[in-house]
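Chemist:
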Ligand code: NAP
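In my numbering, the protein residues as written are 122 to 556.
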């Protein structure tokens, strides 16, 4: 028997477990360990609440869990309740699939002022992540600035602009829905430090901005390069730029909320009296390597809210080599140390779609099979269970999660698939209530 511990129950973790099942069949036991009592990581806490079809992939992960040789071990924090060294003693292979759930700092003056938040915190807030449920962002408006031109920036702009009826069918948490409904934001500025041809937005997601009830995407036609230049673009980006051209063609006064694209615009400082009141922006130009270079020309955007959507990083774990510049575990193709691997965003950084993690999971299991052609005789599950019991850790099983899941579904507001518990104690209480 082979024993594999996967740390993290998001997409990368589940695809790794699925790959292990396919590769080793009945001759493997996989434990998927998560620090929260609820599974699915990015699917639950990262994917936008109004993108329910993407969230539907959890059904596939559920099927993996319901098989005999995979287990969910929730409410167990690696590094706190059990160490990496201990996992290494119990399992043939330990795979870190911890994602990249931490914000990167903007690294400019004033980025620590109240009112400046990262996308992990803001997205976590509207998705009900226990770490961020109490964020209580100031949406009094009228100006909000989003830094970054990626898909997360689009998610955040769309969520800020939507009306309550537009959240019909979503699982946005009640506290966020109420705060958004009372929002005074009238202008959302998307700051891109490079130009329209350098955006990291995918066509479907960008196109959605054109179909909002009260939000109008605003692109100044003068900011777009000659349309003939679009032919040089990779097809996906070309389609996205076509949306920018459509928005520019409709250039004019916005409806209730303007979502303004400000290109070649680099934030240099956030200022205010004890909180964010304005952001100082410098115009840029691109150098020969398409990097943004400041031109010295600066202007001020008044704003009470700055959300940095500039990518994420993997939190370090004690004892695991870490690549600080890139915010991920130090690894070669997923190998960290003998018996210790990483996969998904924890391996390659926050890029690609959910589906990108599937080949990643299969590749890491191939490496494990290559490195450890024979099981090492380690004890696996019973050793972990004994250790956690000895430490008084209240482990949440997949069956327990199903009880929490049922309780969330039962308390959903009308038209919503669920109302999430946003506090760990509430999740545990929901499990205990139905015991
Ligand atoms: P991203 O795609 O890497 O975009 C980050 C953006 O931030 C880029 O425009 C980048 O500009 C900018 N940026 C980085 N550092 C900056 C700085 N210091 N100052 C100003 N701007 C800065 O990251 P993301 O939007 O967080 O998305 C992460 C991954 O999740 C992506 O693969 C994304 O496609 C995926 N995702 C997908 C969906 C979906 O499919 N619906 C939704 C959300 C996220 P430069 O290009 O100049 O570096």
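We put the beta carbon where it would ideally sit given N, CA and C, even for glycine.
Just so we're clear, the structure is a prediction, and the values are computed from it rather than from any experiment.
Which full runs of the alpha helix (DSSP H) of 4+ residues lie inside the region 259–344, going along the chain?
Modeler: With a minimum length of 4 residues, the continuous alpha helix (DSSP H) runs that stay inside the region 259–344 are 272–282, 295–302, 324–329.
Chemist: In chain order, what residues of the same chain have a beta carbon less than 7 Å from the beta carbon of residue 298, not counting five sequence neighbours either side?
Modeler: As a first step, residue 298 is located in the chain shown; it is residue number 177 there, counting from the start. Cβ within range, chain order: 285, 288.
Chemist: Would you say the region 437–452 touches the region 272–284, given that touching needs at least three Cβ pairs under 8 Å?
Modeler: Output reads no: the region 272–284 does not touch the region 437–452.
Chemist: With a 10 Å radius around its C-beta and 16 neighbouring C-beta atoms as the bar for buried, classify residue 148 as buried or exposed.
Modeler: As a position in the chain shown, residue 148 is number 27, starting the count at 1. It counts as exposed.
Chemist: Evaluate residue 257 with the Cβ neighbour count: other Cβ atoms within 10 Å of its Cβ, from every protein chain shown; 16 or more gives buried, anything less gives exposed.
Modeler: In the chain shown, residue 257 corresponds to position 136, counting from 1. It counts as exposed.
Chemist: Does the Cβ-Cβ distance between residue 263 and residue 307 come in under 8 Å?
Modeler: For the purposes of this step, residue 263 is taken as residue 142 along the chain shown, with counting starting at 1. For the purposes of this step, residue 307 is taken as residue 186 along the chain shown, with counting starting at 1. Cβ distance < 8 Å, so residue 263 and residue 307 count as in contact.
Chemist: With 16 as the cutoff for other CB atoms within 10 Å, does residue 192 come out buried or exposed?
Modeler: Within the chain shown, residue 192 is the residue found at index 71, counting from 1. With 16 or more Cβ atoms within 10 Å of its Cβ, residue 192 is classed as buried.
Chemist: Between the region 460–470 and the region 128–136, can you find at least three pairs of beta-carbon atoms closer than 8 Å?
Modeler: Yes, since at least three Cβ pairs between the region 128–136 and the region 460–470 fall closer than 8 Å, the two stretches touch.
Chemist: Tell me where the alpha helix (DSSP H) around residue 527 begins and ends.
Modeler: Within the chain shown, numbered from 1, the residue matching residue 527 stands at position 406. Per DSSP, residue 527 belongs to the alpha helix (DSSP H) from 519–531.
Chemist: Which whole-angstrom value is the C-beta distance of residue 269 and residue 424, which I expect to be below 8 Å?
Modeler: Working through the chain shown from its first residue, we reach residue 269 at position 148. Working through the chain shown from its first residue, we reach residue 424 at position 303. In fact, because the Cβ distance is near 15 Å, the residues do not count as touching under 8 Å.
Chemist: With three or more C-beta pairs closer than 8 Å as the rule, is the region 370–388 touching the region 307–317?
Modeler: Short answer: they touch.
Chemist: Can you give the Cα-Cα distance for residue 422 and residue 401, rounded to whole angstroms?
Modeler: For the purposes of this step, residue 422 is taken as the residue at position 301 of the chain shown. For the purposes of this step, residue 401 is taken as the residue at position 280 of the chain shown. Those two C-alpha atoms are separated by around 7 Å.
Chemist: What do you get for residue 214, buried or exposed, if any count of 16 or more other CB atoms within 10 angstroms of its CB means buried?
Modeler: If you number the chain shown from 1, residue 214 lands on position 93. So residue 214 ends up on the buried side.
Chemist: Is residue 436 near the ligand NAP, with its Cβ less than 7 Å from a heavy atom?
Modeler: Position 315 of the chain shown, counting from 1, holds the residue named residue 436. Flag unset: Cβ of residue 436 not near the ligand NAP.
Chemist: For residue 545 and residue 253, I'd like the C-alpha separation in whole angstroms.
Modeler: The residue given as residue 545 occupies position 424 in the chain shown. The residue given as residue 253 occupies position 132 in the chain shown. Cα-Cα distance, rounded: 12 Å.
Chemist: Suppose the cutoff is 8 Å on Cβ atoms and the five residues either side in sequence are ignored; what does the same chain contact list for residue 290 look like?
Modeler: On the chain shown, residue 290 is found 169 positions in, with the first residue counted as 1. Around residue 290: 171, 173, 536, 537, 538.
Chemist: Give the list of continuous alpha helix (DSSP H) stretches no shorter than 4 residues that lie fully inside the region 200–258.
Modeler: Listed in chain order, they are 205–211, 240–247.
Chemist: Sort 224, 542, 242 by Cα distance to residue 471 and report the nearest one.
Modeler: In the chain shown, the residue the question calls residue 471 occupies position 350. Comparing Cα positions, the closest option is 224.
Chemist: What did DSSP end up calling residue 193 once you bin it into helix, strand or coil?
Modeler: On the chain shown, position 72 is the one that residue 193 refers to. Strand, per DSSP.
Chemist: According to DSSP, is residue 413 helix, strand or coil?
Modeler: If you number the chain shown from 1, residue 413 lands on position 292. In the structure shown, residue 413 sits in a strand (DSSP, three-state: E or B).
Chemist: Count the C-beta pairs between the region 182–200 and the region 234–243 that are closer than 8 Å, then say yes if the count reaches three, no if not.
Modeler: At 8 Å Cβ cutoff, the stretches do not touch.
Chemist: Take residue 209 and list the residues in its own chain whose beta-carbon comes closer than 8 Å to its own, dropping the five residues that flank it on each side.
Modeler: Numbered from 1 along the chain shown, position 88 holds the residue referred to as residue 209. Around residue 209: 215, 460, 461.
Chemist: For residue 405, report the span of its beta strand (DSSP E) as first-last.
Modeler: Position 284 of the chain shown, counted from the first residue, corresponds to residue 405. It spans 399–407 - the beta strand (DSSP E) in which residue 405 sits, taken as one unbroken run.
Chemist: What does residue 487 pair with, by DSSP beta-bridge criteria?
Modeler: Position 366 of the chain shown, counting from 1, holds the residue named residue 487. Its beta-bridge partners do not exist; DSSP assigns none.
Chemist: Mind checking residue 159: buried by the 16 CB within 10 Å criterion, or exposed?
Modeler: Working through the chain shown from its first residue, we reach residue 159 at position 38. Buried, because 16 or more other Cβ atoms sit within 10 Å of the Cβ of residue 159.
Chemist: Which residues bound the beta strand (DSSP E) around residue 372?
Modeler: Reading the chain shown from its first residue, position 251 is the one you call residue 372. Premise fails: residue 372 is in no beta strand (DSSP E) and is neither H nor E.
Chemist: Can you check whether the CB of residue 540 is closer than 8 Å to the CB of residue 552?
Modeler: Counted from its first residue, the chain shown places residue 552 at position 431. Counted from its first residue, the chain shown places residue 540 at position 419. Against a cut-off of 8 Å, the Cβ pair of residue 540 and residue 552 comes out as no contact.
Chemist: With contact counted as at least three CB pairs below 8 Å, one residue from each stretch, are the region 396–410 and the region 365–379 in contact?
Modeler: Segments in contact, no.
Chemist: Going by DSSP, what residues sit across from residue 382 in a beta bridge?
Modeler: Stepping through the chain shown from its first residue, residue 382 is reached at position 261. According to DSSP, which records beta bridges pairwise, residue 382 is partnered with 311.
Chemist: Determine which residues share a DSSP beta bridge with residue 450 and list them.
Modeler: As a position in the chain shown, residue 450 is number 329, starting the count at 1. Residue 450 pairs with 443.
Chemist: Could you pull out every residue in the same chain whose Cβ sits closer than 6 Å to the Cβ of residue 139, ignoring the five residues on either side in sequence?
Modeler: The sequence position of residue 139 within the chain shown is 18, counting from 1. Result list for residue 139: 185, in chain order.
Chemist: Mapping the DSSP letters down to three states, classify residue 479 as helix, strand or coil.
Modeler: Taking the chain shown and counting its residues from 1, one reaches residue 479 at position 358. Reduced to three states, the DSSP call for residue 479 is helix.
Chemist: Do you know offhand how far residue 374's Cα is from residue 387's?
Modeler: Mapped onto the chain shown, residue 374 falls at position 253. Mapped onto the chain shown, residue 387 falls at position 266. Approximately 25 Å between the Cα atoms of the pair.
Chemist: What did DSSP end up calling residue 363 once you bin it into helix, strand or coil?
Modeler: To locate residue 363, count along the chain shown from 1; it is residue 242. Residue 363 falls in the helix class under three-state DSSP.
Chemist: Would DSSP call residue 358 helix, strand or coil?
Modeler: The residue labelled residue 358 in the question sits at position 237 within the chain shown. Looking at residue 358 - three-state DSSP - the assignment turns out to be helix.
Chemist: Quick check on DSSP: helix, strand or coil for residue 122?
Modeler: As a working note, residue 122 is residue 1 in the chain shown. Correct three-state label for residue 122: coil.
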